[in-house]
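Trainee: Add 62 to the 1-based position in the sequence shown for this note's numbering, that's all there is to it. Just so it is clear, CB atoms sit at the ideal spot from N, CA and C, and this is done for glycine as well. Mind having a look at this structure? Questions to follow.
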Amino acid sequence: MWEARAVEGRGDELLAWARAQVPALDAAPVRRETLRGPEDRVLVITWWDAEYDADLPELPEPDAGLAARAVHRWRFEVVGE
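Structure representation (structure tokens):
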């Protein structure tokens, strides 16, 4: 999971930038969802057919001046119901 907050007023630019990065990854995820939230936040969730600690491609940091802070990244694993 990748989450970034845009500099105020640049949420649409950050969203477009994040969408453009996913096809450029070295490998394609099984599934991907891109979401937007309040305060110009953008969230990209990817699902991979891999072990939890596998070496997977990551979305990079946005261009300078686009993000208000460093990107947050987390990994999760699917658990049964």
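(1) Are there 16 or more other CB atoms within 10 angstroms of the CB of Arg-67, so buried, or fewer, so exposed?
(2) Could you tell me the boundaries of the alpha helix (DSSP H) in which Gly-73 lies?
(3) To which residues of the same chain is Ala-129 closer than 8 Å at the C-beta, ignoring the five residues directly before and after it?
(4) In chain order, what residues of the same chain lie with their CB nearer than 7 Å to the CB of Trp-109, ignoring the 5 residues before and after it?
(5) CB Arg-135 to CB Glu-113, shorter than 8 Å?
Mentor: Concretely, from the data shown:
(1) Locating residue 67 in the sequence shown gives position 5, where the first residue counts as 1. Around the beta carbon of Arg-67, a 10 Å sphere encloses 16 or more other beta carbons of the protein chains shown; the residue is thus reported as buried.
(2) On the sequence shown, residue 73 is found 11 positions in, with the first residue counted as 1. It spans 73–83 - the alpha helix (DSSP H) in which Gly-73 sits, taken as one unbroken run.
(3) For the purposes of this step, residue 129 is taken as residue 67 along the sequence shown, with counting starting at 1. Cβ contact annotation for Ala-129 (same chain, cutoff 8 Å, sequence separation greater than five): Ala-66, Arg-67, Ala-68, Val-69, Leu-76 and Glu-123, in chain order.
(4) Within the sequence shown, the letter at position 47 stands for residue 109. Same-chain partners within the cutoff: Pro-91, Val-92 and Arg-93.
(5) Counting from 1 along the sequence shown, the entry for residue 135 is found at position 73. Counting from 1 along the sequence shown, the entry for residue 113 is found at position 51. In terms of Cβ geometry, Arg-135 and Glu-113 do not form a close pair [threshold 8 Å].
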